[in-house]
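Here's the structure, in structure tokens; my notes come after.
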Amino acid sequence: MASAAKRLEAVSGTAAPQIAFESVTLQLGGKTIIENLSLGVRAGEFLCIVGASGCGKTTALRLAAGLYQPTSGKVNFDSQPMREPRREIAIVFQDYGKALLPWRTAAGNVSLALEAGGMPSAERPARIEELLRTVGLPGHAGKYPSEMSGGMQQRLQIARCLAQEPKTLLMDEPFGALDAMTRQGLQDEVLSLVAASGATVIFVTHDLDEAIYLGDRVIGLLPHPGRIGIELAVNLPRPRDQLSTREHPEFLRLRRQLFDFIKATEQ
Amino acid sequence: MNRAVILWRVASFAVAACFIALWQLIANLKLVSPVFLPGPDRAWAALVRGFSSGDLWSKLAGTLEHMAYGWLAASIAGIAIGAIIGSSRTMRTYVAPSLEFLRPLPVSAIIPVAIAMLGLTQAMALFVISFGAIWPIMLATIHGFAAVEPRLYEVARSLQMSRLAVIFKIALPSASPDILAGMRLSLTVALILSVVCEILAGLDGLGHWVLLSARAFRSADLFAGVILLGVTGYVTSVAMSLAENKLLAWQAAQR
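Here's what the structure looks like:
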């Protein structure tokens with residue numbers, strides 16, 4: 483219920499943004515990757531970022547994570563400037579195979595986040611079991627990542643991120659490398675996990691349908707340098723459903739609008 | 070174990086038995102003077118005699134001690150220095166050329182220097198052995214630390230892990246396959262240098278035993294010492310492989 487209230491607050495726009503980009507410009511190696519980007523993400527909001535490849539969507543996410551510092555402008559988190567990554571901001575990387583520790587089992591990988599958070603070792607096993615159950619991996623605690631499928635590895639990475647008890651979840655094309663069926667299953671799971679935790683989400687994807695299906699708001703970036711080209715509020719009812727949501731006239735209208743935008747940027 | 074593996078193993082034992090038989094034949098026919106070449110029977114008898122009198126035990130213990138101390142010192146220093154150099158790009162750029170100069174330097178050239186500075190002492194042996202054994206470990210550690218997946222460092226940053234936690238939970242385990250391979254190479258180097266130091270400095274050990282036996286024309290004792298050295302090398306490397314398999318069980322899962 484609390485999360486529903488939060489979400490309502492987010493959509494109605496009364497709360498101060500949890501993450502705020504203020505005229506952010508980022509140059510890397512003499513090239514301007516992102517120019518004058520201003521953007522506010524309210525607590526509990528699910529924001530999707532789409533755009534052609536090379537438009538700086540991953541870079542924007544890394545700025546929000548504190549992995550990059552802006553060349554000019556500011557990135558604020560809870561009205562505090564972001565100087566370095568923080569534990570309440572978790573990142574789900576696309577390349578789950580590289581982001582997991584191959585020498586630790588599933589339980590060990592989740593444990594890494596709990597250890598970093600200073601949880602006493604006696605309390606960890608119960609929490610690890612609970613987290614693995616949450617992401618649909620009960621009974622896989624003793625497996626190494628290399629013994630798991632791509633979808634399971636990505637679930638494991640999500641479990642580790644949830645172990646951080648994040649206020650914000652940053653997801654960088656998390657399902658880009660997965661097959662369509664696994665992808666749809668994980669979309670719904672992420673939606674219910676986020677609804678349960680009330681976390682703010684910034685979700686980067688190149689899949690326009692996925693962006694509309696998941697988001698409260700979709701932002702399309704223009705490339706060279708990256709800046710906002712389109713901003714769409716997604717007023718589709720929740721909980722969303724793989725069939726009825728995707729057949730909803732509003733979904734189709736937004737989809738057409740977003741496809742036209744992407745087509746125009748590619749010319 | 071399948072049949073083919075068993076057959077290969079039987080075949081390799083048969084080859085070894087053939088070599089021993091050939092050795093016995095050459096000794097029996099006196100193709101080489103018995104003063105220089107004992108048969109396997111006499112070498113075995115010398116081994117049994119040496120162990121029952123306790124002489125060989127103490128020599129073996131001496132060599133193992135030199136080897137172990139030198140190797141452990143080399144491992145600790147090699148991993149520590151390698152970690153410092155490997156985790157920093159600047160350090161790699163500045164230090165690598167000096168390493169490239171020092172690494173191919175034959176350790177035997179260091180021995181006279183070490184004797185001049187430290188005398189014919191255990192300290193000299195420790196220095197020489199660890200100096201020779203440190204290179205494979207240090208270079209493997211540098212490589213292992215430099216090759217840590219950058220994504221894992223980002224995970225560590227987002228978890229706000231301490232520097233120490235990053236080293237012990239991410240960099241060291243990630244580099245462990247390289248480090249252990251380096252340590253296995255160093256084990257052989259440590260054994261070789263232990264024997265050399267014992268021969269040159271007259272320190273108690275199998276090297277000294279072999280030298281004295283040769284000088285006294287006790288060829289059976291000489292061969293007993295050589296056989297024992299071979300066994301030492303074999304057993305330590307097998308033990309190292311077992312330890313590697315156990316520590317790197319996660320890699321077996323990866324394949």
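Protein sequence lines correspond, in order, to chains A and B.
Numbering of the first sequence is given in our numbering, commencing with residue 483 and proceeding in unit increments.
Numbering of the second sequence is given in our numbering, commencing with residue 70 and proceeding in unit increments.
Ideal Cβ placement from N, Cα and C applies to all residues, glycine included.
Assigned secondary structure, residue i (DSSP; H/G/I helix, E/B strand, else coil)
| i | result |
| --- | --- |
| V592(A) | helix |
| D654(A) | strand |
| S167(B) | helix |
| A487(A) | Since pLDDT at A487(A) reaches only 48, below the 50 mark, its modelled position is unreliable, and the value read off the structure follows with that caveat. Here A487(A) sits in helix by DSSP. |
| P246(B) | helix |
| A659(A) | coil |
| P731(A) | helix |
| Q562(A) | strand |
| V104(B) | coil |
| P736(A) | According to the sequence provided, residue 736(A) is Leu. The question's Pro does not apply to it. Note: L736(A) maps to helix in three-state DSSP. |
| K99(B) | coil |
| S122(B) | helix |
| P627(A) | helix |
| C537(A) | coil |
Distance between residue j and residue i (C-alpha atoms, nearest Å)
| i | j | result |
| --- | --- | --- |
| L262(B) | S282(B) | 19 Å |
| S288(B) | W113(B) | 12 Å |
| L736(A) | L714(A) | 8 Å |
| Q191(B) | I154(B) | 29 Å |
| R569(A) | A146(B) | 34 Å |
| A498(A) | V617(A) | 31 Å |
| L510(A) | S156(B) | 23 Å |
| E647(A) | G680(A) | 11 Å |
| Q551(A) | R161(B) | 26 Å |
| Y138(B) | M564(A) | 50 Å |
| Q635(A) | S310(B) | 30 Å |
| A486(A) | A244(B) | Bear in mind that the predicted position of A486(A) carries a pLDDT of just 49, short of 50, making it too unreliable to give a figure here. |
| R722(A) | I206(B) | 56 Å |
| I180(B) | Y303(B) | 26 Å |
| T210(B) | V307(B) | 22 Å |
| L275(B) | L195(B) | 16 Å |
| R253(B) | A149(B) | 17 Å |
| L129(B) | M193(B) | 19 Å |
| A525(A) | V676(A) | 12 Å |
| R111(B) | V264(B) | 23 Å |
| N591(A) | A502(A) | 31 Å |
Option nearest residue i by Cα separation, candidates the options
| i | options | result |
| --- | --- | --- |
| V523(A) | C537(A), A546(A), L660(A), R642(A) | A546(A) |
| L521(A) | M630(A), L583(A), A681(A), R699(A) | R699(A) |
| V298(B) | L116(B), R232(B), G123(B), A194(B) | The displayed chain sequence assigns Leu, not Val, to residue 298(B). Of the candidates L116(B), R232(B), G123(B), A194(B), the one whose C-alpha sits nearest the C-alpha of L298(B) is L116(B). |
| V532(A) | N717(A), L718(A), S561(A), I684(A) | I684(A) |
| L272(B) | M136(B), A86(B), L91(B) | M136(B) |
| L613(A) | L690(A), E692(A), S593(A) | S593(A) |
| T775(A) | F741(A), L619(A), A542(A) | Chain A is shown only over 483 to 749; residue 775(A) falls outside these bounds and no answer can be derived. |
| G632(A) | A604(A), L652(A), A645(A), L582(A) | L582(A) |
| V686(A) | E732(A), I573(A), A746(A), E504(A) | I573(A) |
| V300(B) | A83(B), T132(B), L171(B) | T132(B) |
| W92(B) | S81(B), F82(B), L106(B), A80(B) | L106(B) |
| F286(B) | A85(B), V84(B), P103(B) | P103(B) |
CB contact check: residue i to chain A, cutoff 7 Å
| i | result |
| --- | --- |
| V235(B) | no |
| P246(B) | no |
| M252(B) | no |
| E218(B) | yes |
| S156(B) | no |
| L269(B) | no |
| Q229(B) | yes |
| W319(B) | yes |
| R226(B) | yes |
| P242(B) | yes |
CB contact check: residue i to chain B, cutoff 7 Å
| i | result |
| --- | --- |
| I573(A) | yes |
| K580(A) | yes |
| A598(A) | yes |
| A542(A) | no |
| Y626(A) | yes |
| R569(A) | yes |
| A595(A) | yes |
Residues that residue i bridges to, as DSSP identifies them
| i | result |
| --- | --- |
| G213(B) | Bridge partners of G213(B): none, in fact. |
| I531(A) | V686(A), I701(A) |
| K556(A) | E504(A) |
| P499(A) | R524(A) |
| G708(A) | I516(A) |
| I571(A) | T650(A) |
| L134(B) | Per the sequence presented here, residue 134(B) reads as Glu, with Leu not at that position. E134(B) is not bridged to any residue. |
| A714(A) | Before going further, note that residue 714(A) is Leu rather than Ala in the sequence given. DSSP lists V700(A) as partners of L714(A). |
| Q509(A) | T514(A) |
Check: residue i C-beta below 6 Å from any heavy atom of the ligand ZN
| i | result |
| --- | --- |
| G680(A) | Of ligands this structure carries none, so the ligand ZN is not represented either. |
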